[in-house]
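In our numbering, the protein residues as written are 1280 to 1627.
What follows is a set of notes on a single structure, which appears directly below.
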Amino acid sequence: MNRRLASVRGGFVFIVLLLMGFSAHGARFPEGFSWCASTAAHQIEGGNYNNDWWEWEQTPGRIKNGETSERATGSWELWREDIEALKQLKASRYRFSVEWARIEPREGEFDQAVIARYLEQIRALRENGIEPFVTLHHFTNPIWFARKGGWSWPGAPEAFEKYVNRVAEAFGAEVDSWVTFNEPTVLGLAGYIEGIFPPGRKGDVADLVEPFRHILMAHARVYPILHHFNPRARVGMAHHLRVFEPKSSWNPLDSWAADMADKNINWALPRALESGRFTMYFPGKIDVDEVIEGLAGTHDFMGVNYYTRDLISVNLLSSRIIERSIPEGRPCPIWAGRSMSWRVFIGF
């Protein structure tokens, strides 16, 4: 497979699976359905040495086989080839992220050459009939930001606002669709509970409150900025929604735990964007119910990233109480010869 085509196909795989599944069942997508490919800066650009993920990769044992992002697929230099690949895929939209650590490698210092390069890419996409769909935060943080405490730092919302204001000044008028944060719940779970993303903490549900609160505050700050520079802009988040099922359907504690996971992980942030109230509750751990200024109604769309399901159980001997497991993958019935580490779970 052409390497450039592969670099943008990563975000297209599930759509292809879905399309094949629809075809197998005789279903057709409606006329005018818009196909989109999706990538993330750190995963494809290469050379992102100023963010916390690059530092994270340097510690042995954190990444399988000791691999690092290094040049990735070289998209920072080869982005024009990416556009050609998108045209081959007949994509009408392209969701990609701009790298905060490139734009602001040191606090308060903005790289104008980097900003100009992103603007050039955005204009080239439009010239080729592809709508740019820009993500402002896709897991990675500048090292200077991480060292101040990352999303646990009280100054995080203001720092994010300054970065987004500079981006919006530069090319806000040229972008009609923005994702402020990609999968903030994954950032929280993986970074603050499971310890497999930066900052590598291994806590419990109470450790999600500060980063979630600050992410919501940051979103509330930048929503009006993006609309100021482009009144027709649509602004939202891309949420990671999982199916949480009780590991033992006969066990009422597992059913209760699955419900707790669904309310606190799937719906705490989308609910807050609509109502303006940040609420999380887990008996004996957290009881949060607070209004975040300027947050209510700050999502013009709700992005959904969906992959698989988790089996939820209660372990009274664990400090976390709730445990999760992912059903093992199996050969995919709609993509012969392929196997996946996560089970395909499609409701049709």
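Where is the CB? At the ideal position from N, CA and C, for every residue including glycine.
Look at the alpha carbon of residue i and the alpha carbon of residue j, and state the distance between them as a whole number of angstroms.
i	j	result
Gly1311	Glu1569	42 Å
Ala1370	Gly1563	48 Å
Pro1699	Cys1315	Nothing can be reported for residue 1699: it is not among the residues displayed for the chain, which extend from 1280 to 1627.
Glu1453	Ile1401	7 Å
Phe1557	Ile1382	30 Å
Gly1408	Ile1362	10 Å
Ile1605	Asp1589	5 Å
Leu1368	Ser1313	12 Å
Pro1549	Met1581	8 Å
Tyr1560	Gly1451	37 Å
Asn1543	Thr1338	31 Å
Ser1354	Leu1365	13 Å
Arg1359	Val1484	43 Å
Glu1388	Tyr1585	36 Å
Buried or exposed, going by whether 16 or more other CB atoms sit within 10 Å of the CB of residue i?
i	result
Ser1456	buried
Phe1308	exposed
Tyr1442	buried
Asp1249	Outside the displayed span of the chain (1280 to 1627) sits residue 1249, for which this structure offers no information.
Pro1503	exposed
Gly1434	exposed
Pro1525	buried
His1519	buried
Gly1345	exposed
Asp1486	buried
Gly1467	buried
His1507	exposed
Val1501	buried
Ordered along the chain, which non-local residues of its own chain (more than five positions away) have a Cβ less than 7 Å from that of residue i?
i	result
Pro1478	Ala1425, Gly1429 and Gly1470
Val1488	Met1559, Ile1565 and Val1567
Gly1555	Val1570, Ile1571, Leu1574 and Ala1575
Ile1601	Ala1536, Met1539, Ala1540, Ile1591 and Val1593
Kindly indicate which three-state DSSP category residue i falls into: helix, strand or coil?
i	result
Val1465	helix
Trp1314	coil
Arg1701	As shown, the chain starts at 1280 and ends at 1627. That puts residue 1701 outside it, with no answer to give.
Ala1460	Here the sequence assigns Phe to residue 1460, which means Ala is not the residue at that position. Note: Phe1460 maps to strand in three-state DSSP.
Val1484	helix
His1578	coil
Phe1375	strand
Asp1390	coil
Asn1330	strand
His1506	helix
Glu1399	helix
Ala1517	strand
Asn1594	coil
Tyr1471	helix
Pro1549	helix
Note down, in chain order, each residue of its chain lying with its Cβ closer than 6 Å to the Cβ of residue i, except the 5 sequence neighbours on either side.
i	result
Gly1482	Tyr1471 and Ile1472
Ile1475	Ala1469
His1417	Ala1319, Ser1376 and Asn1461
Phe1293	Low confidence applies to Phe1293: its pLDDT is 42, below 50, so where it sits in the model is not reliable enough to give any reading.
Trp1529	none
Short of 8 Å in beta carbon distance, which residues of its chain neighbour residue i, apart from the five on each side in sequence? Order them along the chain.
i	result
Ala1377	With the sequence shown as reference, residue 1377 is identified as Val, and Ala is not the correct amino acid for it. Result list for Val1377: Ala1320, Tyr1397, Val1413, Thr1414, Leu1415 and Val1446, in chain order.
Arg1513	Asp1455, Ser1456, Trp1457, Asp1579 and Phe1580
Is residue i near the ligand ADP, judged by its Cβ being under 8 Å from some heavy atom?
i	result
Ser1376	Within the structure as shown, the ligand ADP is missing, as the structure has no ligands at all.
Requested in this report: Answer yes if the region 1584 to 1593 comes into contact with the region 1527 to 1542, meaning at least three C-beta pairs across the two stretches below 8 Å, and no otherwise.
Outcome: Counting Cβ pairs under 8 Å, three or more are found: they touch.
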